[in-house]
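So the working numbering is basically just the index in the sequence shown, starting at one, shifted up by 57.
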Amino acid sequence: MRRRASRIKVRHQPLEFELDLAPLLAVMVKLVPVLLISSAFVQVMTIDSDLPGSLQKAIEQSENNQVAIRIVTDPKNNLQVIVSSPQGEQSKAVPPTKDGLIDFDATHQALLETKKTYPQVFHLSIHPDGHLNYQDLVRVMDQARKAKVKGIEFPYTDQETHETKTTPWMFPEVMIEPVGGTT
Numbered sequence: 058m059r060r061r062a063s064r065i066k067v068r069h070q071p072l073e074f075e076l077d078l079a080p081l082l083a084v085m086v087k088l089v090p091v092l093l094i095s096s097a098f099v100q101v102m103t104i105d106s107d108l109p110g111s112l113q114k115a116i117e118q119s120e121n122n123q124v125a126i127r128i129v130t131d132p133k134n135n136l137q138v139i140v141s142s143p144q145g146e147q148s149k150a151v152p153p154t155k156d157g158l159i160d161f162d163a164t165h166q167a168l169l170e171t172k173k174t175y176p177q178v179f180h181l182s183i184h185p186d187g188h189l190n191y192q193d194l195v196r197v198m199d200q201a202r203k204a205k206v207k208g209i210e211f212p213y214t215d216q217e218t219h220e221t222k223t224t225p226w227m228f229p230e231v232m233i234e235p236v237g238g239t240t
């Protein structure tokens with residue numbers, strides 16, 4: 058017996074269709090005000106710096122300076138302010154308080170004395186150990202940025218006018234480097 062080949066009927070439908078864009082437009086109409094409102098908050102999140110332009114140029118020039126200042130911490134909250142220069146390396150230890158905490162006032166004082174010795178250096182690198190918590194690290198950075206005592210200012214040379222100007226900023230460029238990092 059022979060089998061008959063069955064015929065498959067293929068229905069041809071038109072390939073054109075209309076896309077309903079109304080839901081997409083409704084989403085866009087609701088999304089645009091949300092984006093406009095959220096863009097106002099972006100301005101609030103930026104931190105404006107009050108560094109004058111001449112100081113910023115002096116900071117850029119100090120990158121080529123041969124003097125490097127860094128803070129090294131250890132697990133017992135001892136800090137060392139280390140100054141590396143072509144003449145050698147100097148170190149000043151900042152012991153912790155009686156409670157075993159970081160002595161932030163002594164840290165600020167050590168950095169103040171270092172800045173008075175090296176006024177043209179604006180960079181400071183911090184080499185924290187793994188035991189230093191984030192809040193203490195931020196407080197050390199805050200101690201290094203600006204002199205606490207009003208009236209203390211540090212001289213720097215304006216690169217355009219070659220005038221000597223003063224600034225209350227000690228180390229506006231504070232970098233965090235890993236323990237094995239280089240300066």
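Yeah, the Cβ is synthetic: ideal placement off N, Cα and C, and Gly gets one too.
Contact belief for residue i with residue j at Cβ below 8 Å, rounded distance in angstroms
{"i": "Glu-120", "j": "His-180", "result": "7 Å"}
{"i": "Ala-201", "j": "Phe-228", "result": "5 Å"}
{"i": "Gln-216", "j": "Lys-114", "result": "5 Å"}
{"i": "Ser-148", "j": "Ile-139", "result": "5 Å"}
{"i": "Ile-116", "j": "Glu-230", "result": "6 Å"}
{"i": "Lys-133", "j": "Pro-153", "result": "7 Å"}
{"i": "Lys-222", "j": "Tyr-213", "result": "6 Å"}
Closest residue to residue i among the options (Cα-Cα distance)
{"i": "Leu-125", "options": "Ala-115, Thr-154, Ser-182 and Gln-118", "result": "Checking the sequence shown, residue 125 turns out to be Ala, not Leu. Answer by Cα proximity: Ser-182."}
{"i": "Pro-185", "options": "Leu-194, Asp-160 and Val-206", "result": "Leu-194"}
{"i": "Val-151", "options": "Leu-92, Glu-170, Met-85 and Pro-235", "result": "Glu-170"}
{"i": "Val-197", "options": "Phe-161, Tyr-213, Val-84 and Thr-218", "result": "Phe-161"}
{"i": "Pro-225", "options": "Met-232, Val-231, Pro-235 and Phe-211", "result": "Phe-211"}
{"i": "Gln-144", "options": "Gln-123, Gln-137 and Leu-72", "result": "Gln-123"}
{"i": "Leu-189", "options": "Glu-73, Gly-157, Met-85 and Glu-75", "result": "Gly-157"}
{"i": "Arg-127", "options": "Gln-137, Glu-75 and Lys-222", "result": "Gln-137"}
{"i": "Ser-141", "options": "Gln-166, Leu-92 and Tyr-175", "result": "Tyr-175"}
{"i": "Leu-168", "options": "Glu-146, Gln-192 and Asp-199", "result": "Asp-199"}
{"i": "Tyr-191", "options": "Phe-74, Val-91 and Thr-130", "result": "Thr-130"}
{"i": "Ala-163", "options": "Asn-135, Leu-112 and Glu-146", "result": "Asn-135"}
Simplified DSSP state of residue i, which is helix, strand or coil
{"i": "Thr-239", "result": "With a pLDDT of 49 at Thr-239, under the threshold of 50, the modelled position of this residue cannot be trusted, and the question is left open."}
{"i": "Lys-66", "result": "coil"}
{"i": "Pro-212", "result": "strand"}
{"i": "Val-84", "result": "helix"}
Beta-bridge pairing of residue i - partner residues as DSSP gives them
{"i": "Glu-234", "result": "Looking at the DSSP assignment, Glu-234 forms no beta bridge with any residue, so it has no partner."}
{"i": "His-184", "result": "Val-129"}
{"i": "Lys-207", "result": "Looking at the DSSP assignment, Lys-207 forms no beta bridge with any residue, so it has no partner."}
{"i": "Thr-218", "result": "Beta-bridge pairing links Thr-218 to no other residue."}
Proximity test, residue i beta-carbon vs the ligand GDP heavy atom, cut-off 6 Å
{"i": "Glu-220", "result": "The ligand GDP is not part of the structure shown, which contains no ligands of any sort."}
### Task
Counting only runs of 3+ residues fully inside the segment 108 to 182, write out the beta strand (DSSP E) ranges in chain order.
125 to 130, 136 to 142 and 145 to 151
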